[in-house]
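Heads up, the sequence shown is in my numbering, so the first residue is 3 and it goes up one at a time. A virtual CB, placed ideally from N, CA and C, is assigned to each residue, including glycine. I have placed the structure first, in the form of structure tokens, so that the comments after it can refer back to it.
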Amino acid sequence: MAVRKYIALILVFSATQAYTQKQFQFAQYQQTALLFNPAFSGIEDFVDVKLGYRNRWAGLENSPTAAFLMTNMAFRISAGSKYKRRGIRLVEPEAYHKLETSEEFQWRKAHRQGFGAWIQQNTNTDVSEIGGFLSYAYHLPLSDYIVWSVGASAGVINAKLDAGNLTVSDPDNDAAYQNYLRDGGASTDAIINLGTVVYSRDWYIGYAAKQAVVSNISNVNNFRSDGNSITHNFMLGITYKPKYGFLVIPGAMVEYSANVPLSYLLNIRVRYEDAIWGGVGYRNDDAVNLSFGLYLTSMIAFNYTFEYSLSELSGLNSSTHEIILAVKLNNKNFSRAYMW
């Protein structure tokens, strides 16, 4: 129990540093891009709904967990090209890819607005957070095959500390600890995130300033200490189309803030049509992962990631499991998912 109290106290104080990727860290970032960068709002040509759950270090007692429910969609505000020959996908894969290059991306030439919303919840030993956000993005065509999107998201996060299992050497004179105990150890922040993405049919590159604006709106002094600094997020991906209906998709995500060490995730995925995909990834804080996904129906996809720690926790049954259920709604153009 003493070890658990020590670990809990460390995690509590690390949680006050910032609401960062470290606290809500999904390996399938391409599935959850909107959570990191609001400019991805409306990048798909359908109503995109996702439900996700992640259990980090599953073999440890009270291990960190994260969950979300998210949706986003686009509204066209100028005319764009319509699709033709929609039934060619399964019977002639190569012809479909040719049409995808020449026609399917054309709808993005329209000026579009993207809207998104999500709720998220995560626990980290004796700290729990729950929040909700709304996002907006404007997509501006720069050429026939390049689009620039800028976006913002705004929401609130309520963080609460369960201090029942924590001990400190001098609680009465520990200002940080006393801040936690006020008002039941809860604090609520209003947060604004900003982002931009430039993308084409074959690649994307994005930057986001997470926590660009943070304001404490509760009655408690902000117990996030000096952790309200901006988290810088960079995300990129490339799609390569070899023969026989396969897509090869390498990608990377990097995050940095003044209070958290630089974190990056590298991965590569291989997808066959709209049927199945698999991939491998590496995180610089000593973790590797294996992922796969498959379409249960033309509208519903199941995605799973197994992450194995290479750190000193590797001998403590510290594997991580991540599940994301993705649903396409109102997919009138039978569009392939751009991000997933």
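Excluding its 5 nearest sequence neighbours in each direction, SER300 has no C-beta neighbour in its own chain below 6 Å.
Taken through DSSP and simplified to helix, strand or coil, PRO173 comes out as helix.
In the assembly as shown, PHE77 is an exposed residue. Its beta-carbon has fewer than 16 other beta-carbons within 10 Å. Rounded to whole angstroms, the gap between the alpha carbons of GLY153 and ALA188 is 30 Å. Burial state of ASN286 is exposed, judged by a 10 Å Cβ sphere holding fewer than 16 other Cβ atoms.
With 16 or more other Cβ atoms inside 10 Å of its own Cβ, ASP191 counts as buried. Listed as beta-bridge partners of MET301 by DSSP are no residues whatsoever. Of all alpha-carbon atoms in ARG271, LEU238 and SER231, the one lying nearest the alpha-carbon of VAL262 is that of SER231.
Membership of ALA35 in the alpha helix (DSSP H) is indicated by the continuous run 35 to 38. In this model, ASN160 and GLY253 are separated by some 32 Å (Cα to Cα). Around GLY44, the same chain offers ASN74, MET75, ALA76, ARG114, GLN115, GLY116, PHE117, ALA139 and HIS141 as residues with beta carbons nearer than 7 Å, after the five sequence neighbours per side are excluded.
Inter-residue distance for LEU267 and ASP288 is about 10 Å (C-alpha atoms, whole angstroms). The alpha-carbon of SER293 is positioned some 48 Å away from that of ASP174.
A direct Cα-to-Cα measurement between VAL200 and PRO143 gives close to 10 Å.
Closest by C-alpha distance to ALA328, out of VAL51, GLN32, GLU46 and LEU37, is VAL51. Around the beta carbon of SER313, fewer than 16 other beta carbons sit within 10 angstroms, so the residue counts as exposed.
By the CB criterion at 8 Å, ALA29 and SER321 fall outside the cutoff. Within the same chain, ARG110, HIS141, PRO143 and TYR201 come within 6 Å of VAL149 by CB-CB distance, once the 5 residues on both sides are set aside. When DSSP reads this structure, ILE193 sits in a beta bridge with GLY157 and VAL216. For PRO263, the uninterrupted beta strand (DSSP E) run begins and ends at 262 to 274, by DSSP. Excluding the 5 residues flanking it on each side, SER217 has same chain C-beta neighbours closer than 6 Å at ALA192, in chain order.
Of SER130, ILE121, SER171 and PHE336, the smallest CA-CA separation from SER155 is found for ILE121.
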